[in-house]
Every structure is written in structure tokens, then in C-alpha cells.
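Protein chains in written order, with full-length UniProt numbering: chain A, 1 to 429; chain B, 1 to 429.
A virtual CB, placed ideally from N, CA and C, is assigned to each residue, including glycine.
2 protein chains.
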Amino acid sequence: MKPLRIGLAGLGTVGIGVIRLLRENADLITARAGRPIEVVAITARDRTRDRGVDLSTMRWHDSATAVAQDPEIDVAVELIGGSEGPAHDMVLTALERGLPVVTANKALVALHGDSLSRLSSEKNAPLLFEAAVAGGIPAIKLVREGLAADRLLSVGGILNGTCNYILTEMRATGRDFTDVLTEAQAKGYAEAEPSTDVDGWDTAHKLAILAGLAFRPIAFNTLSVQGIRDITATDLKFADELGYHIKLLGMARQAENGNVAAWVRPCLVPAKAPIAAVEGVFNAVSTQGVFSGPMTISGRGAGEGPTASAVVADLIDLARGTAIPVWGTTSVSPAADCASLADLNSAFYLRLNVQDRPGVMAELTSVLRDHDVSVHFVSQHDAATGCADLTIITHQVPEKAIHAAATALAVLPVVTGKPLVLKIEDAFA
Amino acid sequence: MKPLRIGLAGLGTVGIGVIRLLRENADLITARAGRPIEVVAITARDRTRDRGVDLSTMRWHDSATAVAQDPEIDVAVELIGGSEGPAHDMVLTALERGLPVVTANKALVALHGDSLSRLSSEKNAPLLFEAAVAGGIPAIKLVREGLAADRLLSVGGILNGTCNYILTEMRATGRDFTDVLTEAQAKGYAEAEPSTDVDGWDTAHKLAILAGLAFRPIAFNTLSVQGIRDITATDLKFADELGYHIKLLGMARQAENGNVAAWVRPCLVPAKAPIAAVEGVFNAVSTQGVFSGPMTISGRGAGEGPTASAVVADLIDLARGTAIPVWGTTSVSPAADCASLADLNSAFYLRLNVQDRPGVMAELTSVLRDHDVSVHFVSQHDAATGCADLTIITHQVPEKAIHAAATALAVLPVVTGKPLVLKIEDAFA
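1. Can you tell me which residues form a DSSP beta bridge with GLU399 of chain B?
2. Could you run through the segment 23-43 of chain B and flag, in chain order, every residue whose CB is less than 7 Å away from some CB of chain A?
3. Return the chain-ordered ranges of every beta strand (DSSP E) run that is complete within the segment 310-396 of chain A and spans a minimum of 3 residues.
4. Counting only beta-carbon separations shorter than 7 Å, does PRO138 of chain A have a partner in chain B?
5. Nearest-angstrom Cα distance between ASP54 of chain B and ARG47 of chain B?
6. Cβ of ALA31 of chain B versus every heavy atom of the ligand FMN: is any distance shorter than 6 Å?
7. What are the residues that DSSP puts in a beta bridge with ALA262 of chain A?
8. To which residues of the same chain is LEU142 of chain A closer than 8 Å at the C-beta, ignoring the five residues directly before and after it?
9. Please state if the CB of ILE73 of chain B and the CB of ALA41 of chain B are separated by a distance shorter than 7 Å.
10. At the level of alpha carbons, what is the spacing between ALA310 of chain A and LYS106 of chain A?
11. SER120 of chain B CB to nearest chain A CB: under 7 Å?
12. Ordered along the chain, which non-local residues of its own chain (more than five positions away) have a Cβ less than 8 Å from that of GLY289 of chain A?
13. In chain order, what residues of the same chain have a beta carbon less than 8 Å from the beta carbon of LEU4 of chain B, not counting five sequence neighbours either side?
14. Any beta carbon from chain B within less than 7 Å of PHE238 of chain A's own beta carbon?
15. Determine the direct distance from the alpha carbon of ASN345 of chain A to that of ASP426 of chain A, and round the result to whole angstroms.
16. Kindly indicate if chain B contains any beta-carbon less than 7 Å away from that of ASP114 of chain A.
17. Using 8 Å as the Cβ pair cut-off and three pairs as the minimum, do the segment 90-98 of chain A and the segment 121-133 of chain A touch?
18. Which whole-angstrom value describes the C-beta separation of ALA9 of chain B and VAL67 of chain B, a residue pair presumed to lie in contact below a C-beta threshold of 8 Å?
19. Determine the closest residue to ILE29 of chain B out of A:THR329, A:GLY243, A:PRO71, A:ALA383, with distance taken between C-alpha atoms.
20. Does the CB of ARG151 of chain B have a neighbour CB from chain A at under 7 Å?
21. Closer than 6 Å by C-beta to GLY301 of chain B: which residues in its own chain qualify, once you throw out the five before and the five after it? Chain order, please.
22. Since PHE238 of chain A is in the alpha helix (DSSP H), which residue starts that stretch and which ends it?
23. Taking ALA313 of chain A as the reference, give the member of A:THR13, A:LEU21, A:GLY12, A:MET1 with the closest Cα.
24. Check whether the Cβ of ARG171 of chain B lies closer than 7 Å to any Cβ atom in chain A.
25. Quick one: is THR13 of chain B near chain A, going by C-beta distance under 7 Å?
26. In the DSSP assignment, find the unbroken alpha helix (DSSP H) run with GLU96 of chain A in it and report its ends.
27. Note down the Cα distance separating ALA44 of chain A from ALA87 of chain A, rounded to an integer number of angstroms.
28. Please confirm if the segment 169-183 of chain B is in contact with the segment 252-268 of chain B, defined as three or more CB-CB distances below 8 Å between the two stretches.
29. Roughly how many whole angstroms lie between the Cα atoms of ALA383 of chain B and ASN353 of chain B?
30. Rounded C-beta distance between ASP372 of chain B and VAL411 of chain B? I'm assuming under 8 Å.
31. Please report how far the alpha carbon of LEU249 of chain B lies from the alpha carbon of GLU193 of chain B, in whole angstroms.
32. If the cut is a Cβ gap below 7 Å, which residues of chain A does THR322 of chain B touch?
33. Is there a C-beta anywhere in chain A that falls below 7 Å from the one on residue 431 of chain B?
34. Using the DSSP secondary-structure output, state which residues sit across from GLN288 of chain B in a beta bridge.
35. Cutting at 7 Å between CB atoms, please list the residues of its own chain near LEU108 of chain A, excluding the five before and the five after it.
36. Taking a contact to mean a Cβ-Cβ separation below 7 Å, would you say ALA184 of chain B touches ILE209 of chain B in this structure?
Here's what the structure looks like:
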């Protein structure tokens, strides 16, 4: 049987994982795909490095673009990463040729999904990217195929294993962010330059893709993104006492008039919700559909094995003849700005460091009242001498009200340090 | 654009749900499928009943087979149920014609998957059955497409919402099986004839399908099936105290020499495992893959909306041109007997009702020792006057050893009532 011939660029962890997986499961993959899948052409920055697998049967090219131009390949696989440069060039070159593309590149799809989707459709060349969201979890297939019949109300979840690991460790050990981050870096769970992960950008890329599939493509620069640097071990402890865990979530919801409300930020989720049990480097994607109801899938969101599994699943789809439009629909809207969050209602967690003296509580709650923020629960915890931590759970209030109130509270002399506002996410209640 | 024309048999909850869903989401479905999907021919037992939806535009046939023979349909949808009779006839008739079939019929696929798979392949007519396992959860797509690249080690989970509801209620309220079953029947969560659910057969049908996709088709009559009738509220309480929940699981694992070890039975799962948080009528499917690692998906396993969502997702797949073999592979093995469980090692929970008098513990533990059952933990709870409940957690022992020990214990004069043996499932640890 004629094999499906792969040209692969990028021989890092995932690239080598793909080659290893294709070899180790060759029989099974051939039977499932209906034909063998073989990597025939490759490239990477360093040709000489020993990567622990035999690459001698593959044609070596000097650039990713050259791989995409190889006349003897049927699919281009892009595992270089980065939204611009060689990765972008390779994908464009392949699609221009009408060649199907598989990529694990979340930034590329999040930022260029609009133009790539048009090109893929014009050239009738599928662009698949299962590995771009939540690693081994088939989150893309879940939304684009499994839930294709349903109108979704929300999609999102825990999309970054590094942040989830850090928050899990902080909660388990009571240690603070910087301390746990340093350890995560030593263990290889976090990058030396951690900003992409801990400031929420990686989550944002994945969320933009999920939102594009569930609703419509969104303009990435209008997405509201907040990371986990401001979360303290104390916040995790207070949340625990109130029956919540804190998770960095990326969430998108259908808003009024066809718009999408989307955000990335640490949220409180009920301790009993399945997503709260998703710990460590695991990821989870939840959907809420009109007909399908709530659904959650969890698993390994990164790493050689899971990511390679997702890349090769896409290759099997191509071998089987699957050809679904990039955003899962033939009538794609152009990328639109995210809806304003100002008027969205939610309950919030508000943590304030205050001077511990009589009358403080009255002063603070009057500010909240003046901003129409109705309080459901207040609790005071002693902190350092003369100081206290105050945690407040609000009733449902508009985002703009809680942020205005927090700004007003921040300038009060009795309030020391910046107030922390966290949304209580009720999609998992 | 030419619509995909559906002939549908069975206008119960799911059938009406499919018609409603196709209407309510018509625009979205057309865009995702690339063409409209329309039900043009129908049948059901009672033509006159008002089902609350307008069926006037559809051709009425006198039998399911007649629907399958309608020359003006592109797909036959079987929503009658039952492994034999009209459902089986309809599916055979359609496949013989080379017509794609979508069904929600778990018994049909579990019992006749072997012959239907051959016919589907011979006639080049896809047979899709996403709704047959775990309702709205795309468990079939997860295993057959999402994890197509990976070699799975195990697959299974909570596959019956009725049993999970009953166990959840028993645990929450301390009430016993019969009491909660009666209430579930009154609420419509359990059938008047509950055996299919509570004795594990429905779970067994679904498990057989998952095992066929993950490993190879299994001979249904060799599957080990045990229901939840013997579980008492006390067992749930004891399990709780030991850090476990009790769930009715269907599990299949790769065994030696290409065989599949599979069973349906109530098991103890760690309280902290994500699957333990799956409560009430929810279902969950977990996989463990060599490359993909552990994965769990949970959601609504039954009901009009979720099941209709799964049926129509299959229709969209067909409209998109998807054509995957029944068992996800072009080299299907014939159905094989399940592997014997006798030599499989596991930890077990053993609950005994005993006379409360000196020396009992020594007598019991010596029986266990004689059967090479090594005890990890014993706990005695007072029951009625003169009686006690004894719970024992074993170390890893072969199944045959624990069952031989339980049989020997059952005949001791000090043991009153039948000992209960439950596996502690470590797939979720």
C-alpha cells in the first residue's frame, strides 16, 4: 500500500516523539490509517546532534521551507514553534502548494488562523492542529467533531500545565509563587523565561483556538489575559476554607449579538467540580452545550508522548481522508473583537490586606456599597502584627463594579498592598 | 446544496430529540456539515401519537425495513433499540444496500458488531454509533480518532447513569439499594424492569464496544458481569472511611498474548481520582495509553439532548465524508473470548457480617492466610446486637485466591450472610 509520506520540520522533544511513535506503533497505525505513515524528509537547526533515533533513511533539508517544497511528500508537519519565521513560512509554503499541514503550533494558529483558514480553504489543503491545544487531549476533535451538532454556551478550562502545577504545589505545600516557580524551573516543568506560561499567554493562544472552533475566530489582541503571579499561598488557603480551588482558566462564552466573551485569568472553582480535581501538570477542557450539557475531558497537556500522540492522530485522520475546514465550518466569519466584559455578572473573591483597627470593616463595606457591590460573605484573618487579611465573596455583580470598587479600595489609607480580585467561575458549578 | 437525506426509525425520546436538534440548529449544522441534513422518511410503532413536533413533511413508512429501502434516503438512522428484530433488520437492509447507518443501539453493536463490521466493510457503507456509548460524550471518537495513534493499556469507566445515580444517592443519604431504586424509578431515572441497568448488562454492552475499538472485538458472552444489587449503604460508608468511592465500572485491559481482560462490576476507586467526582446520572470514560497517558472524559450519559447530539454528530461526520471502519481499523480480528481473570492481581475490599465473639478475627484471618490472601488492613464495625461488620483490604492477590477465600469464609458458622468481594481498581490511582 502506498505510504503517506511526511516531511517534518523541528526535531525537538515532540518531533523526535513523533518519529518514535510512528516506529513503535507502526503496525497498529498502518491498520488504523489504512496505509503506512512514514517520515521521509526532515530538517532541524542542528544536523549533527545525536537525538537517539535513527534518521538515516530520511532526506535532510536545509530549511523548513525546503521540506515543504519537497515534491516527494504528501503532508508537511511543522513542529518548530513560534508564530512567525520559519514555522509560518513552512505552513504557508505547504498550503500554497495544496499540501495538507499538521502543526502543534498554538501561537501560529491563534494569531494567523484567519489567513491560514482562508488559504487552506482556497487551496483545498487541510490544516490540522490537534496537538496545539491541551497536548494529548483531543480537545479540538471534541469541539469540532464530537460536539459538531450542538450550539455551545461555553468552552475552556485548564490549558497550561506549568501554571496548574505551580498552583497545585502552592496549595499543597503553602509555599509562595516565586519559590514554587524556581523549583518548577529546576524540574523542567517551567521555562527559564516563564512569562509565556505564568502570565497566561500560552493559555490565551489555546483559548483563542477553542473559541474559534466553538463560536467564531477572535482577534487575539482583544483577549483579556491575566496570569498567576499575584496569587499567594494565603489565597489558596482562604479559597480552600470557602470550598474552592484556584485554577488558571481560559474561558470563552457566547455573548450577545454573536460576539464572544473570552478571558484568561485565575478563578475560583468549586472544590467539588470535576475540574478542581485536575491537578499538577494535567490539563482539562470543559464545554457546556445546549443539547449535550456539561462535559469535561482531562489528561496530559504536554510532553513528548501525549503531544506526539495528537500529531500522529491528525496524520491518521489525513490518511483516512478526513478533510474538515480549519474552524470546523464552511461559513467562517472573519476574526472579531472579543465582547467587553464590563457588564458581565459574576460573583467575585476579593482579598485585601488591611490595618487591623476598629472601624476598618465598616469603612471597606461602605466603599463596596457605594459601588453597588453586594457582599455575600466576609472573613477576617490575622496576618502580621497590626495587619489582617480580609476575604470577601460578593453576590453577582458586573465586572466593572467590582473593578471600580477595588480601585477605590486600593487608595484607602487602611488598605495596604494591592487588592486582589478573582472571578468565581460558575461554568463548573 | 443537496441535503443529506435521513430515513429515521424510532420516534421515542432520542428520535424526537434528533428531529428537534436538526431543526433548532439547522444553520449551524448546515455550515459545519457543508450541506443541510434533513429527515425525509420516518417510522414508529404508533403513527397517531402527538409527539409535539411537526412530522408532516416526512414520508411515513410501515416498518423500519421499509425506511431502509426508501430509494430517496442517503442515510438510515436506527433508534428503535434491541439487539434483534426490527432494529437488526433495518441495519442489515441498509448496509446490504450500501447505505450508511447511524445507530444509538449498544446491544446491537455489542452482540452483532462482528457480522455488521464485515458487512459494512464489504458494502463500503459506514456504520456509526457514537450515541451507543455514554450518550452525549464522544467516547467512540475519543478512542477511534483522538487516540488512534496510541496503543491503549486500558479503557473503561462509569457507563451507566442509573447505577451511578443509585450509588451516589445511597452514599449521600445512607439509604439502601431497594429504597433508592424505587425512588429512581418514580423519578424516571430507572426503568420499571431495572435489570438491564442494575445488573450491569447495559454497562457490558457499552464496554464491549469500547474494548472492540481499543483492542479487538470480544465475544460478549465471555464478559464477566456483576451488578450493584449487593452493595449496601454500609459498604459505601466503609469505603468512604477508607478513602474510596464505590462505582459500577466497565473496564477492559490489554492482557497477555493479544487477549483482552474485561469485566463489569462495582469497584472501589480512590476518592481523589477524577472519576470519583463523577456523580449522579453522569458517565465517564477513562483511557490509559502508552504515549497519551491517562485521560478521562465525563458528561451526560443519556437523555434526549445528549444522545441526539451524538447521533447528529455522526450525521455531520457522514456529510463531511468521513468513512472509518466499524472498529477503527482495516485489519479486524474476529471476536475473541475475554481473557480469564483468575490470575489477574488486584487489591480487594472484603466485607463480612460476622458473629461478634472472641476469636472471630483469628479464625477469619487464618482462612485468608490459608488461601495466600495477604491482609493490608482490617476494621471491625458494630452492627446489630451480637453481630459485627468486618472490612478487610487485601494486598495484591490473584482473583482466584480472593474468590476461593470468600467461598471458604462463607461456610464458616461465624460468618452470617454472603461475603462481599469488591475489586479496588487501580487504573485511576
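Considering the structure as presented:
1. One-based indexing of the second sequence puts residue 399 of chain B at position 399. Paired residue(s): none; GLU399 of chain B is not in a bridge.
2. ASN25, LEU28, ILE29, ALA31, ARG32, GLY34
3. 345-355, 375-382, 387-394
4. Taking the first sequence and counting its residues from 1, one reaches residue 138 of chain A at position 138. Yes, PRO138 of chain A lies at the interface with chain B (some Cβ there is under 7 Å from its Cβ).
5. Looking up residue 54 of chain B in the second sequence gives position 54. Looking up residue 47 of chain B in the second sequence gives position 47. Cα to Cα, ASP54 of chain B sits roughly 13 Å from ARG47 of chain B.
6. Ligands displayed in this structure: none; no statement on the ligand FMN is therefore possible.
7. Within the first sequence, residue 262 of chain A is the residue found at index 262, counting from 1. Answer by DSSP bridge pairing, in chain order: A:ALA252.
8. Here the question's residue 142 of chain A lines up with position 142 in the first sequence. So the qualifying residues of the chain are VAL285, THR287, MET295, ILE297.
9. The count along the second sequence starts at 1 and reaches residue 41 of chain B at position 41. The count along the second sequence starts at 1 and reaches residue 73 of chain B at position 73. Cβ distance < 7 Å, so ALA41 of chain B and ILE73 of chain B count as in contact.
10. Walking along the first sequence from the start, residue 310 of chain A turns up at place 310. Walking along the first sequence from the start, residue 106 of chain A turns up at place 106. Taking the straight line from one Cα to the other gives about 13 Å.
11. In the second sequence, residue 120 of chain B corresponds to position 120, counting from 1. Taking Cβ atoms only, chain A never reaches closer than 7 Å to SER120 of chain B, which makes this a no.
12. Walking along the first sequence from the start, residue 289 of chain A turns up at place 289. Cβ within range, chain order: LEU147, ASP150, ARG151, LEU152, LEU153, MET295.
13. Reading the second sequence from its first residue, position 4 is the one you call residue 4 of chain B. Closer than 8 Å at the Cβ level, and outside the excluded window around LEU4 of chain B, lie ALA33, ARG35, PRO36, ILE37, GLU38, ASP74, VAL75, LEU315, LEU318, ALA319.
14. Sequence index remark: in the first sequence, residue 238 of chain A carries index 238 (1-based). Chain B contact via Cβ: absent.
15. Translated into positions along the first sequence, residue 426 of chain A becomes position 426. Translated into positions along the first sequence, residue 345 of chain A becomes position 345. The straight-line gap from Cα to Cα measures roughly 11 Å.
16. In the first sequence, counting from the first residue as 1, residue 114 of chain A sits at position 114. It does not: the Cβ of ASP114 of chain A has no partner Cβ on chain B nearer than 7 Å.
17. yes
18. Against the second sequence, residue 9 of chain B aligns to sequence position 9. Against the second sequence, residue 67 of chain B aligns to sequence position 67. With 8 Å as the limit, ALA9 of chain B and VAL67 of chain B qualify as a contact, their Cβ atoms being about 5 Å apart.
19. Position 29 of the second sequence, counted from the first residue, corresponds to residue 29 of chain B. When each option's Cα is compared against that of ILE29 of chain B, the closest is A:THR329.
20. Working through the second sequence from its first residue, we reach residue 151 of chain B at position 151. Yes, its Cβ sits closer than 7 Å to a Cβ of chain A.
21. As a first step, residue 301 of chain B is located in the second sequence; it is residue number 301 there, counting from the start. Result list for GLY301 of chain B: ALA134, GLY135, GLY161, ASN283, in chain order.
22. The residue given as residue 238 of chain A occupies position 238 in the first sequence. First-last of the alpha helix (DSSP H) with PHE238 of chain A: 233-241.
23. Within the first sequence, residue 313 of chain A is the residue found at index 313, counting from 1. Closest option to ALA313 of chain A, Cα to Cα, is A:LEU21.
24. To locate residue 171 of chain B, count along the second sequence from 1; it is residue 171. Cβ-Cβ to chain A under 7 Å: no for ARG171 of chain B.
25. Reading the second sequence from its first residue, position 13 is the one you call residue 13 of chain B. No, THR13 of chain B lies away from the interface with chain A (no Cβ there is under 7 Å from its Cβ).
26. Locating residue 96 of chain A in the first sequence gives position 96, counting from the first residue. Element bounds for GLU96 of chain A: 86-96.
27. On the first sequence, position 44 is the one that residue 44 of chain A refers to. On the first sequence, position 87 is the one that residue 87 of chain A refers to. Taking the straight line joining both Cα atoms gives about 11 Å.
28. no
29. Position 383 of the second sequence, counted from the start, is the residue given in the question as residue 383 of chain B. Position 353 of the second sequence, counted from the start, is the residue given in the question as residue 353 of chain B. Cα to Cα, the separation comes out at about 8 Å.
30. Position 372 of the second sequence, counting from 1, holds the residue named residue 372 of chain B. Position 411 of the second sequence, counting from 1, holds the residue named residue 411 of chain B. Between VAL411 of chain B and ASP372 of chain B the Cβ distance is about 19 Å, and since that is not below 8 Å, they are no contact.
31. Position 249 of the second sequence, counted from the start, is the residue given in the question as residue 249 of chain B. Position 193 of the second sequence, counted from the start, is the residue given in the question as residue 193 of chain B. Rounded to the nearest angstrom, the two C-alpha atoms are 21 Å apart.
32. As a working note, residue 322 of chain B is residue 322 in the second sequence. In chain order: THR322.
33. Lying outside 1 to 429, the shown extent of chain B, residue 431 of chain B is not represented and no answer is given.
34. Numbered from 1 along the second sequence, position 288 holds the residue referred to as residue 288 of chain B. In DSSP, GLN288 of chain B forms a bridge with B:SER154, B:PRO294.
35. On the first sequence, residue 108 of chain A is found 108 positions in, with the first residue counted as 1. Closer than 7 Å at the Cβ level, and outside the excluded window around LEU108 of chain A, lie SER83, ALA87, HIS88, VAL91.
36. Along the second sequence, one-based indexing puts residue 184 of chain B at 184. Along the second sequence, one-based indexing puts residue 209 of chain B at 209. Going by C-beta atoms, ALA184 of chain B is not nearer than 7 Å to ILE209 of chain B.
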